[in-house]
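What follows is a short report on a single structure.
In my numbering, the protein residues as written are 451 to 642.
Given below as structure tokens:
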């Protein structure tokens, strides 16, 4: 039930089991199979999974989100980053317009599928709504930057201050050898 309640569909039972066994790297790999921003999410998630935890029948739910935060914080204090499995290279290239949550996630999963991914962001900073709309008390920018760097370390190329229609066009990207273009320009400001 906890997995069905999770919007990301994480294999919660498996990553909690691996934490219990002391296999923090394995637990992180399970989490990162479905989640490009695990450290961020461990701080802002409403933990819907805990409301459907079977342990509630006995006494109280397992602290699922706190366990995720524990292994994510453990990784931040290690000398190496734990990366999820990536498929072999396909020689396909994808351009992603927009460096917010959606664009970075699209690039993350495309890279995991073996495609070369480049994110083009119009502003000087990546992160979109996570950077602009969430209070610093709830989410420090160091944590956001850590997860974004993890996406870059996976092999995603990131270009900031690149505005569509001004610095490049979609036909230009296709002519430059990109096989596909994904637009993730956001929608958090309805006035635009």
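We put the beta carbon where it would ideally sit given N, CA and C, even for glycine.
From a predicted model like this one, the values you see are computed outputs, not experimental measurements.
Span separating the alpha-carbon of residue i from that of residue j
i, j, result
"residue 575", "residue 507", "45 Å"
"residue 600", "residue 563", "16 Å"
"residue 618", "residue 596", "28 Å"
"residue 502", "residue 476", "24 Å"
"residue 624", "residue 568", "13 Å"
"residue 580", "residue 517", "22 Å"
"residue 584", "residue 529", "28 Å"
"residue 510", "residue 504", "9 Å"
"residue 468", "residue 591", "28 Å"
"residue 478", "residue 455", "20 Å"
"residue 449", "residue 485", "Residue 449 cannot be examined here, being either before or after the span of the chain that is shown, 451 to 642."
"residue 531", "residue 582", "26 Å"
"residue 626", "residue 586", "39 Å"
Nearest candidate by alpha-carbon position, reference residue i, set the options
i, options, result
"residue 519", "558, 489 and 468", "489"
"residue 572", "517, 609, 453 and 541", "609"
"residue 551", "481, 516, 510 and 594", "594"
"residue 483", "582, 544, 591 and 533", "533"
"residue 497", "627, 457 and 582", "457"
"residue 527", "474, 491, 512 and 586", "474"
"residue 470", "513, 486 and 451", "513"
"residue 565", "531, 582, 472 and 604", "604"
With 16 other Cβ atoms within 10 Å as the buried cut-off, status of residue i
i, result
"residue 525", "buried"
"residue 535", "exposed"
"residue 560", "buried"
"residue 538", "exposed"
Chain-order list of residues whose beta-carbon lies under 7 Å from that of residue i (same chain, five-residue window excluded)
i, result
"residue 635", "547 and 548"
"residue 598", "554, 576 and 577"
"residue 629", "542, 543 and 544"
"residue 491", "485"
Same chain, Cβ closer than 8 Å to residue i, neighbours up to 5 away in sequence not counted
i, result
"residue 453", "459, 460, 461, 462, 463 and 499"
"residue 588", "493 and 494"
"residue 481", "460, 465, 488, 518, 521 and 522"
Spatial neighbours of residue i in its chain, beta-carbon cut-off 6 Å, leaving aside the 5 residues before and after
i, result
"residue 557", "546, 567, 569 and 606"
"residue 614", "547"
"residue 620", "631"
"residue 611", "574"
"residue 633", "547"
"residue 540", "564 and 565"
**Asked** Can you list the beta strand (DSSP E) stretches of 3 or more residues lying completely in the stretch 474-522, in chain order?
**Response** none
**Asked** Can you list the beta strand (DSSP E) stretches of 3 or more residues lying completely in the stretch 599-638, in chain order?
**Response** 607-609 and 630-633
**Request:** Any chance you could list the beta strand (DSSP E) runs of at least 3 consecutive residues sitting entirely within the stretch 517-600, in chain order?
**Result:** 543-547 and 566-570
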